[in-house]
Amino acid sequence: MERGSGISPELKALMAFCKAYLNDKHRVMLPAGIHWAKFIQLAQKHRVLFPVHQIVQRSGLVLPPEVDAEIRKINKALTVKALKHTSHIIAISKILEEQHIPHLFIKGPVAAQQIYNDPFAKHSRDIDVVVDPSQIHPALKTLQKKGYQLIGGFDQFSPKQQQAFLSFQNQLVLVHTREKVQVEIHWRLFSNRYLFPLSFQETLVGAEQIRIGPKEVNGLSGKYLLFYLCTHGAKHHWSQLYLLTEVVRLLRSMAFNWKETLAKAMELGVERPLVQALLLAEICFQEETPPAVKEYAARDKTICKLVDLAYKAILGQIEVPVDHGARNYLKALAYRLWLRKDLRYKVGYWQPVSVNDFRLVKLPESLFFLYAWLRPFFWCWRYFIKSPGHA
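Numbering of the sequence shown is given in our numbering, commencing with residue 674 and proceeding in unit increments.
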């Protein structure tokens, strides 16, 4: 695929803004023919309005008044939201510490502070906190007592249903009843436990202390943060530019020994997402790919397919398949299966039970085993008979 072909003026402008922000430049060269309403929509889709706003301010770039006003308005709202998230991160950390529940934060203001040295540089929908699997019930009870309401029906599940959910999923959602701040509490980083098989204790041992306002909280260490960002981005086809800009910024803020880093990635099985990210960084932002990474890419032919699909997703030339409808479900699954080589990971996408099945048919505890036998019928009903849904 010829790089650079078929890119809209709006996406070219967006990439130029991101590149200028990453390079700490104060000027940006924009292409002609930008449709500014589409540009703002695209910037929101790619979640990079913050770097756009920063470069406009630094450069004194004169935008159409209504465009400038809209960018300022959206960024102000997102900053207010990030400020609210920051205050809740501090509160949640204190709440969990009081109950002696070890925890760390991923994504959101904590990751923004690590990556950009600015907790407001990353616009997030929610707060993500990780606890040990053995502490999930105490953590839930503690947060619920402090005004965070559990949603999704987990508290209505039977003990066996809860156990199955905790085995095959990785997060639950709570919402603060008064301030409507959403919190995702994780007991592992991804629902497929083999995608990034790092235990909570391993993440905690190497955790970094990140200052958020007056408090220090735990965040992923630099190397593990890089692996997490790459794996998270790969899972989502790198379809939003913010995913890649975070990786590039982190690469520029830390010194990595690439032979050791690649060896550790291979030990954890996340070398394909890592290599995919670094090759995309060179394509999109001219970030030089380390020789050790190029050597690996030359040996692993699947990498070329992963990079090609992700680049097309960034350009909007293909629609990122989501798990709606049988065809899209299978397309998304095929891509995800390429992300790791090992069989355990691939088998990990087969779930004998689904939370959606619990809602579809309520079986007594004594008949719980029937969910596994009925799963194929539930799946066919969901995708081929009923309107498209999640498996």
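Quick reminder that beta carbons are idealized off the backbone N, C-alpha and C, glycines included. All of these numbers come straight from a predicted model, not from anything done at the bench.
In this structure, K718 lies near Q913, with their beta-carbon atoms less than 8 angstroms apart. By a beta-carbon distance limit of 8 angstroms, H910 contacts A986. Their separation comes to about 4 angstroms. DSSP, reduced to helix, strand and coil, places F873 within a helical segment of the structure shown. Just so you know, the alpha carbons of Q834 and Q842 end up roughly 12 angstroms apart.
Residue burial is scored here from C-beta neighbours: F1042 has fewer than 16 other C-beta atoms within 10 angstroms and is therefore classed as exposed. Beta bridge pairing from DSSP links Y821 with H849. Separation of T752 and G879 (C-alpha to C-alpha, rounded to the nearest whole angstrom) is 30 angstroms.
Judged by beta-carbon spacing, S732 lies beyond the 8 angstroms limit of H708, meaning their Cβ atoms are not closer than that value. As the crow flies, the alpha-carbon of P737 is around 52 angstroms from that of Q829. Non-local beta-carbon contacts of L687 in its own chain, meaning distances under 8 angstroms to residues more than five positions away in sequence, involve F712, L715, A716, H719, V721, V725, L914 in chain order. DSSP, reduced to helix, strand and coil, places K718 within a helical segment of the structure shown.
Two segments are said to touch when three or more pairs of C-beta atoms, one from each, lie closer than 8 angstroms; by this definition the segment 876-890 touches the segment 773-782.
Residue pairing by DSSP leaves V729 without any beta bridge partner.
Take A837, set aside five residues on each side of it, and the residues of its chain with a beta-carbon closer than 7 angstroms to its own are V1026, in chain order.
Under DSSP, V980 shares a beta bridge with no residue. Taken through DSSP and simplified to helix, strand or coil, N891 comes out as strand. For L777, the enclosing beta strand (DSSP E) begins and ends at 776-779.
When only Cα atoms are considered, H859 and L845 end up about 7 angstroms apart. With respect to L917, A950 sits close: the two C-beta atoms are nearer than 8 angstroms. Y1008 is not a Cβ neighbour of D1030, given a cutoff of 8 angstroms. Collapsing the DSSP output to three states places I883 in a strand. Of the residues K685, G942, G886, the one whose Cα lies closest to the Cα of D791 is G886.
A710 and C977 have their C-alpha atoms roughly 34 angstroms apart. Distance check between Q786 and each of A755, K974, L847 places A755 closest, using alpha-carbon atoms only.
Under the 10 Å beta carbon count, Q959 is surrounded by fewer than 16 other beta carbons and is classified as exposed.
Judged by pairs of C-beta atoms under 8 angstroms, the segment 810-819 does not touch the segment 869-876, as fewer than three such pairs exist. When secondary structure is reduced to three states using DSSP, H909 falls in the coil class, being assigned neither helix nor strand. Taking C-beta separations shorter than 7 angstroms and ignoring five residues to either side along the sequence, the partners of L823 in its chain run L813, Q817, L845, L847, following chain order. DSSP places Q834 inside the alpha helix (DSSP H), whose first and last residues are 832-841. Here L1040 has no same chain residue with a Cβ atom under 8 angstroms from its own Cβ, once five neighbours each way along the sequence are excluded.
Within the same chain, and ignoring the five residues on either side of G820 in sequence, the residues whose Cβ sits closer than 8 angstroms to its Cβ are H849, T850, R851. With fewer than 16 other Cβ atoms inside 10 Å of its own Cβ, Q990 counts as exposed. Judged by DSSP in its simplified three-state form, H773 adopts coil rather than helix or strand. A direct Cα-Cα distance of roughly 16 angstroms separates F690 from R745.
Residue nearest to K795 within the set G826, I809, A750, Y1002 is A750 (criterion: CA-CA distance).
Short of 6 angstroms from the beta carbon of I728, and not among the five residues preceding or following it, lie these beta carbons of its own chain, in chain order: F690, A693, Y694, V701.
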